[in-house]
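Participant: For what it's worth, the numbering used here labels the leading residue of the sequence shown as 4, then goes sequentially.
All C-beta atoms, glycine included, are put in the ideal place defined by N, C-alpha and C.
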Amino acid sequence: MTDLKPFACTIRVFDPASGETVATYMLPVDSPDEEHAAASTLANAASFTPKTDGDVVRSVAFCCTAVEPRR
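(1) Mapping the DSSP letters down to three states, classify A20 as helix, strand or coil.
(2) Indicate the three-state DSSP secondary structure (helix, strand or coil) for S50 in the structure shown.
(3) Which residues in the same chain have their Cβ closer than 8 Å to the Cβ of P35, if we skip the five residues on either side of it in sequence?
(4) What is the DSSP secondary structure of T5, reduced to helix, strand or coil?
(5) Inspect the beta-carbon positions of V70 and A41 and report whether they are closer than 9 Å.
Below, the structure is given as structure tokens:
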């Protein structure tokens, strides 16, 4: 069994055309290392972030701006 460590990941959601920030999330995650924490948190943020505004598709991109140990 892999030991999991507690991390807090900051995810920035932005419009890739303008660079404008749409949202910033700080999410807790338990992962074996920082790389896995960032990857899994990015996937989670992508799954719950709205990508449409009514019938219009929104252009959004995601980046992990910080991975920090969490107590």
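Facilitator: Quick look at the numbers:
(1) In the displayed model, A20 falls within coil according to three-state DSSP, outside both helix and strand.
(2) DSSP places S50 in helix when its eight states are reduced to three.
(3) Counting only residues of its own chain and dropping the five nearest sequence neighbours on each side, P35 has a CB closer than 8 Å to the CB of T5, D6, L7 and K8.
(4) Note: T5 maps to coil in three-state DSSP.
(5) Their beta carbons are under 9 Å apart, which means V70 touches A41 by this criterion.
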